[in-house]
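First comes the structure, then the notes that go with it.
Number of protein chains: 2
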Amino acid sequence: METRELRYFVAVAEELHFGRAAQRLGIAQPPLSRAIQQLERRLGAALLDRTSRTVTLTEAGSVLLAEGRAALDAVDAADRRTRRAALAATGRPGLVLAAKAGASSELLAKLLDAYAAEPGAVPVDVTLCGPAEQERLLREGRADVALLHRPFDSTAGFHTAELSTESQVVVLPAGHPLTVRAHVHMADITALPGLPLPRWPDPDGAYPPGPGPQVRDHAQLLQLIALGRACTLSPESCRAQLHGDLAAVPVLDAPTVTTVIAWPPHSRSRAVADLIRTATRL
Amino acid sequence: METRELRYFVAVAEELHFGRAAQRLGIAQPPLSRAIQQLERRLGAALLDRTSRTVTLTEAGSVLLAEGRAALDAVDAADRRTRRAALAATGRPGLVLAAKAGASSELLAKLLDAYAAEPGAVPVDVTLCGPAEQERLLREGRADVALLHRPFDSTAGFHTAELSTESQVVVLPAGHPLTVRAHVHMADITALPGLPLPRWPDPDGAYPPGPGPQVRDHAQLLQLIALGRACTLSPESCRAQLHGDLAAVPVLDAPTVTTVIAWPPHSRSRAVADLIRTATRL
DNA sequence: ACCGACGATACCGCCCAGGTATCGATCCCG
DNA sequence: CGGGATCGATACCTGGGCGGTATCGTCGGT
Numbered sequence: 001m002e003t004r005e006l007r008y009f010v011a012v013a014e015e016l017h018f019g020r021a022a023q024r025l026g027i028a029q030p031p032l033s034r035a036i037q038q039l040e041r042r043l044g045a046a047l048l049d050r051t052s053r054t055v056t057l058t059e060a061g062s063v064l065l066a067e068g069r070a071a072l073d074a075v076d077a078a079d080r081r082t083r084r085a086a087l088a089a090t091g092r093p094g095l096v097l098a099a100k101a102g103a104s105s106e107l108l109a110k111l112l113d114a115y116a117a118e119p120g121a122v123p124v125d126v127t128l129c130g131p132a133e134q135e136r137l138l139r140e141g142r143a144d145v146a147l148l149h150r151p152f153d154s155t156a157g158f159h160t161a162e163l164s165t166e167s168q169v170v171v172l173p174a175g176h177p178l179t180v181r182a183h184v185h186m187a188d189i190t191a192l193p194g195l196p197l198p199r200w201p202d203p204d205g206a207y208p209p210g211p212g213p214q215v216r217d218h219a220q221l222l223q224l225i226a227l228g229r230a231c232t233l234s235p236e237s238c239r240a241q242l243h244g245d246l247a248a249v250p251v252l253d254a255p256t257v258t259t260v261i262a263w264p265p266h267s268r269s270r271a272v273a274d275l276i277r278t279a280t281r282l
Numbered sequence: 001m002e003t004r005e006l007r008y009f010v011a012v013a014e015e016l017h018f019g020r021a022a023q024r025l026g027i028a029q030p031p032l033s034r035a036i037q038q039l040e041r042r043l044g045a046a047l048l049d050r051t052s053r054t055v056t057l058t059e060a061g062s063v064l065l066a067e068g069r070a071a072l073d074a075v076d077a078a079d080r081r082t083r084r085a086a087l088a089a090t091g092r093p094g095l096v097l098a099a100k101a102g103a104s105s106e107l108l109a110k111l112l113d114a115y116a117a118e119p120g121a122v123p124v125d126v127t128l129c130g131p132a133e134q135e136r137l138l139r140e141g142r143a144d145v146a147l148l149h150r151p152f153d154s155t156a157g158f159h160t161a162e163l164s165t166e167s168q169v170v171v172l173p174a175g176h177p178l179t180v181r182a183h184v185h186m187a188d189i190t191a192l193p194g195l196p197l198p199r200w201p202d203p204d205g206a207y208p209p210g211p212g213p214q215v216r217d218h219a220q221l222l223q224l225i226a227l228g229r230a231c232t233l234s235p236e237s238c239r240a241q242l243h244g245d246l247a248a249v250p251v252l253d254a255p256t257v258t259t260v261i262a263w264p265p266h267s268r269s270r271a272v273a274d275l276i277r278t279a280t281r282l
């Protein structure tokens with residue numbers, strides 16, 4: 001199976017429309033039809049049910065869509081990492097580390113300092129990104145290593161090492177009645193009148209339905225909380241970043257958050273190994 | 001990057017010889033040389049250092065070898081799983097479960113029974129395989145789900161759920177002096193005179209150097225132990241399979257073994273989900 | 001019943017993968 | 001030190017397959 005065929009199939013499976021898929025791929029529709037037919041013949045499996053009006057995925061088609069996306073990701077990652085390795089041999093760019101913006105910043109700072117002090121350390125580019133985006137960056141080969149937060153981020157497909165665990169606090173507007181409490185429980189905050197939990201975008205950029213304001217980043221969320229329009233659960237360490245009009249109260253029965261450092265399996269690179277060793281020794 | 005190019009590069013990188021690689025690929029040498037050159041040009045990176053006598057990998061080349069193998073595995077897995085999904089839609093074969101031969105057999109039996117009793121259960125093919133082989137089967141798409149044993153098997157790249165943990169025992173010939181002890185420590189068995197720990201083959205089939213007999217499967221190992229030529233650490237549950245001329249003694253400070261059920265991420269299949277749910281409820 | 005939308009088919013041209021022949025460089029051996 | 005052997009690169013040719021245009025067959029909608 002060639003990656004070209006896979007890309008073609010994924011495009012059609014996503015669009016469920018040969019014409020649009022062909023347009024997206026920058027080719028004409030007939031070659032696309034033929035390529036899919038050939039792929040089906042070679043696999044000995046019908047991937048799409050097509051009438052002259054609609055295209056739908058068969059069971060085998062959905063399997064190939066999921067598996068094919070993963071395979072294409074792996075191929076693209078191989079491409080990018082190879083290019084980066086070639087650059088690293090000649091020029092500047094060292095490691096790329098992906099971290100969620102506004103999370104674990106002290107840990108991140110300590111890690112970068114400690115690694116920079118190592119003999120043979122290479123420059124580290126830090127890519128701050130939105131929630132759950134690190135996973136994609138790592139999978140696609142745009143980053144060499146990432147800081148993830150269990151149980152929020154999925155660590156499937158990566159090697160990981162635990163760095164720290166912390167409990168969670170609820171972040172509230174300063175002066176909110178609950179802020180006088182020494183601690184609260186989940187039940188106290190799930191149904192706070194007028195202070196819903198926010199909605200984060202899906203990996204594909206869409207927002208889940210439900211109440212609560214839509215937010216894209218931490219700064220936006222903190223501002224909403226300060227305005228008294230939301231509250232949120234956050235790892236304890238976020239307290240360092242709260243300013244005057246926000247308050248945090250420990251939530252006793254919230255799940256603890258584990259910060260892990262994750263990297264793709266197959267890392268032959270000494271730099272990645274050094275960084276991870278440094279991280280686990282912190 | 002096309003899979004054809006990747007396969008070509010991996011062949012050359014493994015053989016470090018264009019002629020042999022071309023032979024292995026079933027093509028002539030000149031097209032292979034050209035394909036590699038074109039790949040290097042497109043990546044903008046030298047992958048191989050070649051004199052007219054020797055071929056060696058560059059830094060970028062080793063990265064592409066590791067990443068490319070993984071990517072090719074992913075593509076092949078997509079191929080196999082799609083074919084299997086197509087068959088499943090029409091004919092017999094249901095799920096394929098990979099398990100280490102001779103390990104966790106009671107747990108496996110319980111799992112299969114419990115799953116078979118579920119509504120909508122499909123037939124399960126059990127593939128018994130050598131140590132550490134389940135990982136490969138799962139990665140290559142030859143199996144849908146596997147039973148792995150931490151910390152021996154790597155679970156990188158898979159989703160996992162813990163099924164059970166057990167402590168380890170040392171398996172000795174019946175009548176060995178140590179068998180009268182209620183328990184032993186690691187120090188007691190690492191240097192047993194005349195009873196070395198066996199050597200298992202690497203994933204590539206080679207044996208690590210060192211003392212100890214080379215073994216390929218459990219039956220062979222148990223026979224060697226009965227003959228007084230080896231001893232081994234094993235999860236407690238192996239006791240059920242020991243016959244008269246073998247004895248087991250708990251090892252207090254051996255690492256505990258966790259049996260986990262593992263499956264590839266992206267499993268859209270209801271059958272896999274059902275099996276896993278059944279397993280975690282055991 | 002006609003028109004429009006959409007996927008399939010027919011046919012054509014060109015690019016590129018693969019083959020053969022050969023070259024150039026390097027190592028080995030006498 | 002020179003000749004042969006080994007091995008990768010180059011030159012040149014051929015054919016298959018990919019992509020393009022034109023068109024058909026089949027549905028739905030009005």
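Protein chains in written order, with full-length UniProt numbering: chain A, 1 to 282; chain B, 1 to 282. Glycine included, each C-beta is placed from N, C-alpha and C at the ideal position. Every value quoted in this text rests on a predicted model; they were computed, and no experiment measured them.
Requested in this report: Starting from Q168(B), follow the alpha helix (DSSP H) in both directions and report where the run begins and ends.
Outcome: For the purposes of this step, residue 168(B) is identified with residue 168 of the second sequence, where counting begins at 1. In the DSSP assignment, Q168(B) falls outside any alpha helix (DSSP H) and within the unbroken beta strand (DSSP E) covering Q168 to P173.
Report task. Pull up the distance between the alpha-carbon of P151(B) and that of A98(A), whole angstroms please. Result -> Position 151 of the second sequence, counted from the start, is the residue given in the question as residue 151(B). Position 98 of the first sequence, counted from the start, is the residue given in the question as residue 98(A). So the alpha carbons of these two residues sit roughly 28 Å apart.
Query raised in the report: the segment 52-65 of chain A: which residues have C-beta closer than 9 Å to a C-beta of chain B, in chain order?
Result: Among the residues of the segment 52-65 of chain A, those with a Cβ less than 9 Å away from any Cβ of chain B are T58, E59, A60, G61, S62, V63, L64 and L65, in the order of the chain.
Query raised in the report: Should E14(B) be flagged as near chain A, meaning a C-beta pair shorter than 8 Å?
Result: Translated into the one-based positions of the second sequence, residue 14(B) becomes position 14. Cβ-Cβ to chain A under 8 Å: no for E14(B).
Requested in this report: Take S154(A) as the anchor and find which of L138(A), V169(A), L163(A) and A143(A) has the nearest alpha-carbon.
Outcome: As a working mapping, residue 154(A) is identified with position 154 in the first sequence. The shortest C-alpha to C-alpha distance from S154(A) to any of L138(A), V169(A), L163(A) and A143(A) is the one to L138(A).
Requested in this report: Under the assumption that P173(A) contacts A226(A) (Cβ atoms under 8 Å), give the Cβ distance between them as a whole number of angstroms.
Outcome: The sequence position of residue 173(A) within the first sequence is 173, counting from 1. The sequence position of residue 226(A) within the first sequence is 226, counting from 1. Cβ atoms of P173(A) and A226(A) come within 8 Å of each other, at about 6 Å.
Query raised in the report: D144(A) and V96(A): beta carbons closer than 8 Å?
Result: Counting from 1 along the first sequence, the entry for residue 144(A) is found at position 144. Counting from 1 along the first sequence, the entry for residue 96(A) is found at position 96. With respect to the 8 Å criterion, D144(A) and V96(A) are classified as neighbours on the basis of their beta carbons.
Query raised in the report: What do you get for A247(A), buried or exposed, if any count of 16 or more other CB atoms within 10 angstroms of its CB means buried?
Result: If you number the first sequence from 1, residue 247(A) lands on position 247. Buried: at least 16 other Cβ atoms inside 10 Å.
Requested in this report: Could you pull out every residue in the same chain whose Cβ sits closer than 8 Å to the Cβ of T165(B), ignoring the five residues on either side in sequence?
Outcome: Counting from 1 along the second sequence, the entry for residue 165(B) is found at position 165. Same-chain partners within the cutoff: T256, V257, T258 and T259.
Requested in this report: Could you check how far apart the C-beta atoms of H159(B) and A156(A) are, in whole angstroms? I think they sit under 8 Å.
Outcome: Translated into positions along the second sequence, residue 159(B) becomes position 159. Translated into positions along the first sequence, residue 156(A) becomes position 156. About 5 Å separates the two Cβ atoms, so the contact holds.
Query - DSSP bridge partner residues for D125(B) (one or two, in chain order) - result: By 1-based counting over the second sequence, the position of residue 125(B) is 125. DSSP output for D125(B) lists V96(B) as bridge partner(s).
Query - alpha helix (DSSP H) runs wholly inside the UniProt domain "HTH lysR-type" (1-58) of chain B, at least 4 long, in chain order - result: For the UniProt domain "HTH lysR-type" (1-58) of chain B, whole alpha helix (DSSP H) runs of length 4 or above, ordered along the chain, are 3-15, 18-25 and 29-43.
**Report entry** Runs of alpha helix (DSSP H) wholly within the segment 113-165 of chain B (minimum 4 residues, chain order)
**Finding:** Secondary structure remark: continuous alpha helix (DSSP H) runs of at least 4 residues inside the segment 113-165 of chain B, in chain order: 133-139.
**Report entry** Cutoff 8 Å: D144(A) Cβ touching any chain B Cβ
**Finding:** For the purposes of this step, residue 144(A) is taken as residue 144 along the first sequence, with counting starting at 1. It does not; no Cβ of chain B falls within 8 Å.
Requested in this report: Find the residues of chain A that neighbour G120(B), judging by a C-beta separation of less than 8 Å, and give them in chain order.
Outcome: Residue mapping note: residue 120(B) aligns to position 120 of the second sequence, counting from 1. Near G120(B) there are no residues of chain A at all, since even the closest Cβ is about 14 Å away, more than 8 Å.
Report task. Taking the CB atoms as reference points, tell me whether P264(B) and S167(B) lie closer together than 8 Å. Result -> Position 264 of the second sequence, counting from 1, holds the residue named residue 264(B). Position 167 of the second sequence, counting from 1, holds the residue named residue 167(B). Contact flag unset, no.
Requested in this report: Tell me whether Q38(B) is buried or exposed, calling it buried when 16 or more other Cβ atoms sit within 10 Å of its Cβ.
Outcome: Along the second sequence, read from residue 1 onward, the residue named residue 38(B) stands at position 38. Counting Cβ neighbours within 10 Å, Q38(B) comes out exposed, since fewer than 16 surround it.
Query - Residues of the segment 244-277 of chain A with Cβ closer than 9 Å to any Cβ of chain B, in chain order - result: Within the segment 244-277 of chain A, the residues whose Cβ lies closer than 9 Å to some Cβ of chain B are P264, P265, H266, S267, R268 and S269, listed in chain order.
Requested in this report: Go through its chain and collect everything with a Cβ distance to K110(B)'s Cβ below 8 Å, but skip five positions before and after it.
Outcome: Here residue 110(B) corresponds to residue number 110 of the second sequence, with the count starting at 1. These residues qualify, in order along the chain: L282.
Report task. Could you name the residues of the same chain whose beta carbon sits closer than 6 Å to that of A121(A), not counting the 5 residues immediately before and after it, in chain order? Result -> Position 121 of the first sequence holds residue 121(A). Y115.
Query raised in the report: For a contact meaning CB atoms closer than 9 Å, what does L25(A) contact in chain B?
Result: For the purposes of this step, residue 25(A) is taken as residue 25 along the first sequence, with counting starting at 1. Taking the beta carbon of L25(A) as reference, no residue of chain B falls within 9 Å; the closest one sits roughly 15 Å away.
Query raised in the report: In three-state DSSP terms, what is P250(B)?
Result: Within the second sequence, the letter at position 250 stands for residue 250(B). Secondary structure of P250(B) (DSSP, three-state): strand.
Query raised in the report: Identify the residues that DSSP records as bridge partners of L275(B): which are they?
Result: As a working mapping, residue 275(B) is identified with position 275 in the second sequence. Under DSSP, L275(B) forms no beta bridge with any residue.
Report task. Any chance you could list the beta strand (DSSP E) runs of at least 3 consecutive residues sitting entirely within the segment 171-243 of chain A, in chain order? Result -> Entirely contained in the segment 171-243 of chain A, the beta strand (DSSP E) runs reaching 3 residues are, in chain order, 232-235.
Requested in this report: Pull up the distance between the alpha-carbon of R142(A) and that of L275(A), whole angstroms please.
Outcome: The sequence position of residue 142(A) within the first sequence is 142, counting from 1. The sequence position of residue 275(A) within the first sequence is 275, counting from 1. Note on geometry: alpha-carbon atoms of R142(A) and L275(A) lie some 17 Å from one another.
Report task. Pick helix, strand or coil for T82(B), following the three-state DSSP scheme. Result -> Working through the second sequence from its first residue, we reach residue 82(B) at position 82. T82(B): helix per DSSP, three-state reduction.
Query - Residue(s) in a DSSP beta bridge with A262(A) - result: Position 262 of the first sequence, counted from the start, is the residue given in the question as residue 262(A). Partner(s): A146(A) and T160(A).
Report task. To the nearest angstrom, report how far apart R80(B) and A86(A) are at their CA atoms. Result -> Your numbering for residue 80(B) matches position 80 in the second sequence. Your numbering for residue 86(A) matches position 86 in the first sequence. Here the alpha carbons of A86(A) and R80(B) stand approximately 33 Å from one another.
Report task. Under 8 Å by Cβ, that's how I've got residue 283(B) and V124(B) pegged, so tell me the actual separation to the nearest angstrom. Result -> Because chain B in this structure spans residues 1 to 282, residue 283(B) falls outside the shown range and cannot be described.
Query raised in the report: Excluding the five sequence neighbours on either side, which residues of its own chain have a C-beta within less than 7 Å of the C-beta of E118(B), listed in chain order?
Result: Here residue 118(B) refers to the residue found at position 118 when the second sequence is read from its first residue. The answer, listed in chain order, is D274 and T278.
Query raised in the report: How long is the line joining the alpha carbons of Q134(B) and A46(A), rounded to whole angstroms?
Result: Mapped onto the second sequence, residue 134(B) falls at position 134. Mapped onto the first sequence, residue 46(A) falls at position 46. Rounded to the nearest whole angstrom, the C-alpha separation of Q134(B) and A46(A) is 29 Å.
Query raised in the report: What does G94(B) touch in chain A if you count any residue whose Cβ is under 7 Å from its own?
Result: The residue labelled residue 94(B) in the question sits at position 94 within the second sequence. Residues of chain A passing the Cβ test: none, with the nearest at roughly 13 Å.
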